[in-house]
Amino acid sequence: MIHRMSSVFLRTLRENPVDAEVPSHRLLVRAGYIRRAAPGAYTWLPLGWRTFQRVENIIRQGMNSIGAQEVHFPSLLPREPYEASGRWTDYGDNLFRLQDRRKVDYLLGPTHEEMFTLLVKDLYSSYKDLPLWLYQIQTKFRDEARPRGGLLRGREFVMKDSYSFDIDDEGLQRSYDAHRDAYIKIFECLGLPFVIVSAMSGAMGGSKSEEFLFPCENGEDTFVRCTNCDYSANTEAVRIGATADVDSSSVAAAKVVDTPSTPTIQTLVDLFNGRQDLKHQARQWTAGDTLKNVLVNLRHPDGRIEPLAIGIPGDRDVDMKRLEAQLAPVEVEPFDDSHFASNSALVKGYIGPGSLGQSNKSGIRFLLDPRVGIGSAWITGADKEGHHVMNLVHGRDFAADGFIDVAEVRDDDPCPLCGGSLIIKRGIEIGHVFQLGKKYAEVLGLNVLDKNGKQQVVTMGSYGIGVSRAVAAIAEATHDDLGLCWPHAVAPFDVHIVIAGKGDDGTAFAANKLGSQLDESGLQVLLDDRTGVSPGVKFKDAELVGIPCIVIAGRGVANGVFEVRDRILGTTAEIEIANAAASIVDAYVTNR
RNA sequence: CGGGGAAUAGCGCAGCUUGGUAGCGUGCCACGUUCGGGACGUGGAGGCCGGGAGUUCAAAUCUCCCUUCCCCGACCA
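Residues in the first sequence are numbered from 5 upward in steps of one, following my numbering.
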């Protein structure tokens, strides 16, 4: 069926909606694809829904092609499974909770690991049934603190989530690899550029995890890439590794120095460089010679608050994202003046390893950045107002309770694999593959009998693609100054025919005839048959809407030709009306 | 959660300082002229001025509370 602009439920906006910041959001609203319904929740209009469905079907076919089976859970879920896994509390405020008329607790599913685990437990009990791959394409709910970028981060969104069930680690690895390969094909088919980066397992528990990121300045994730080898990782997951021990036998004895009015690292470094007796033998002191001790409070899921001290070189800051990612589901809170007041061992501004550590007087757990290796010497706080200590050697003069790798990652930092330099980029997470392991199977009791008749805990993987987010990401990846610019595979229509003449001059007849021919050939046709609308408006709308092939039935019709524009390449060609349908269909076959 | 800005017609905005009949552009409807790059004229329809409380004879306008949106930070499978 030919869709006619005169009756398609569509209104394009001439101006940008004021609340839309990122291009995909702006253009999807302006071109009449989506409409905001509630904070972080969007209505799909006909053009948007067609695009969504094409994206959804590419993902569905990608999953079906590896033998995954589609199921469908409700969004409204009972509390108990999430209570059992701990996520009723671990998910915190991000979980939409509700009660029925009898005050029984429910939630709107943010993700479905528990439900899939229980479903498999319900039906299967033998290793012979494994491996099993199930997936669904489902609406998810997360009460995000700050929805952003339209479809990019909503509170209601659609995700394809798959789960694999295996009897052992080798099986899990095969399932993981199969999904990873399927994702590569899916994103290639969607026309979405991506990088695969190592990721944190986060609150999900489990071990190996990789993210598919679409590189994009508007992205919320930061990742690193090595300029030398193929290492890439989410900054949260970067591990710099242990620093080799250093010989400290030539370092002079630790010495306390009177350092008045040095509240910042920079003032401290300046003081050391300015004082003849403190000068470095070979060079100037830098912030990297100081050891900064940062205090935070950790809030455990049970509500318990634990202070934590982190020692890092003074030229770095603690990256809160990296810290949270490593400690999840523990949350990090600021350590403020009232907390200083309640621990008399801490001298604000002059905290040193002398007071920190579980065996020291503050009793606060003290973890070091791996750069603070055994044998390294530092300028750091002397736990005394107005005093610092120099030549304080790790292992000789102080000890810590362990290491934690949460310092900010910077451009040109060394690659953990090859030592080359890292560059930092931003991206949008469009997919995630994840070896969950036995966490959910254990707590929910998903066991099967192995070939020896013994109960074995099933090992699981989970794999997600944000479907609605992928639509936005494709828009983000492909748009230009004029509007959206869909790849052929996901465009809401294949061909957009514009009647650019008066209509009674033969243009309408020719356009309709072409539309019918293309429609009969199986192409999806949008025909701009609006009367009383000037050609300029139709051209602008066609560019905004972004269908890849635009055919103009205008002044050329009198000479027996249409004008064909390639929205993606920006090229224009004339084709004879007599064989227009055939050549457009041909072009589509080669494009697909 | 902190700091800043904002909410008036589908969309983009003015009006608020100094309280008194709700305005502009665009979009929409009708008629006419136009018809290859967001044409023009004439006439129309469309708003509980985000919600609630207060001050006042009178509130879009002043005060307080709430909600929502945007920016920065915090947070975020």
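We put the CB at the ideal spot given by N, CA and C, even for glycine. Values in this document were obtained by computation on a predicted structure and should not be read as measured data.
- One thing to note: Val351 has its Cβ within 9 Å of the Cβ of Glu389.
- Annotation for Cys553: the continuous beta strand (DSSP E) segment containing it runs Cys553 to Ala557.
- A straight-line Cα-Cα distance of about 20 Å links Leu272 and Arg375.
- For the pair Leu299 and Cys233, the Cα-to-Cα distance works out to about 36 Å.
- Listed in chain order, the beta strand (DSSP E) elements of length 3 or more contained wholly in the segment 53-86 are 80-82.
- For Asn456, there is no enclosing alpha helix (DSSP H), since its DSSP letter is neither H nor E.
- Between the C-alpha atoms of Gln142 and Gly358 there is a straight-line separation of about 54 Å.
- Scanning Val437, Gly154, Gln285 and Gly307 for the CA closest to the CA of Ala186 turns up Val437.
- Listed in chain order, the non-local C-beta contacts of Ser520 below 8 Å within the same chain comprise Ile6, local neighbours out to five positions each way being set aside.
- In the pairwise beta carbon analysis, the segment 148-157 is classified as not touching the segment 109-128: fewer than three pairs are separated by under 8 Å.
- Between Ile62 and Ala493, the C-beta gap is smaller than 9 Å, which places the two residues in contact.
- Going by DSSP, Asp262 is part of the beta strand (DSSP E) stretching over Lys259 to Asp262.
- In the DSSP assignment, Cys193 falls within the alpha helix (DSSP H) that extends over Asp173 to Leu194.
- Here Leu112 is not near Leu127, since their CB atoms are 9 Å or more apart.
- Rounded to the nearest whole angstrom, the C-alpha separation of Asp485 and Ser28 is 12 Å.
- For Gly379, the closest C-alpha among the options Ser366, Arg400 and Val242 is that of Arg400.
- Comparing alpha-carbon positions, the option among Lys164, Glu148 and Asp165 lying closest to Arg157 turns out to be Glu148.
- The criterion of a C-beta distance shorter than 9 Å is not satisfied by Phe218 and Ile427.
- Look at Glu117 here: in three-state DSSP terms it is helix.
- Under DSSP, Ala577 takes part in a beta bridge, and its partners are Val568.
- Around the Cβ of Ser69, a 10 Å sphere holds fewer than 16 other Cβ atoms; the residue is exposed.
- Met163 is bridged by DSSP to Gln142 and Gly470.
- Measuring C-alpha to C-alpha distances from Gly558 to each of Gly245, Glu60 and Glu580 identifies Glu580 as the nearest.
- Under the 10 Å beta carbon count, Pro267 is surrounded by fewer than 16 other beta carbons and is classified as exposed.
- Put simply, the backbone Cα of Glu25 is about 26 Å away from that of Asp97.
- 9 Å or more divides the Cβ of Phe227 from the Cβ of Ser213.
- Pro219: member of the beta strand (DSSP E) spanning Ser213 to Pro219, first to last residue.
- Between the segment 466-479 and the segment 189-196, the count of Cβ pairs shorter than 8 Å is three or higher; the stretches touch.
- For the set Arg34, Val447, Val475 and Asp532, the Cα lying nearest the Cα of Ala514 is the one of Asp532.
- With 16 or more other Cβ atoms from the protein chains shown falling within 10 Å of its own Cβ, Leu530 counts as buried.
- Within its own chain, the residues whose Cβ lies closer than 7 Å to the Cβ of Lys365, once the five positions on either side in sequence are excluded, are Ala349 and Ser359, listed in chain order.
- Per the Cβ contact rule, the segment 561-575 is not in contact with the segment 33-41 (fewer than 3 Cβ pairs under 8 Å).
- Leu331 sits in a helix when the DSSP states are folded into three classes.
- For Ser202, the enclosing beta strand (DSSP E) starts and ends at Val199 to Ser202.
- According to the DSSP secondary-structure assignment, Ile503 is paired through a beta bridge with Ala557.
- Scanning its chain for C-beta atoms nearer than 7 Å, with the 5 sequence neighbours on each side dropped, one finds around Ala45 the residues Gly158, Arg159 and Glu160, in chain order.
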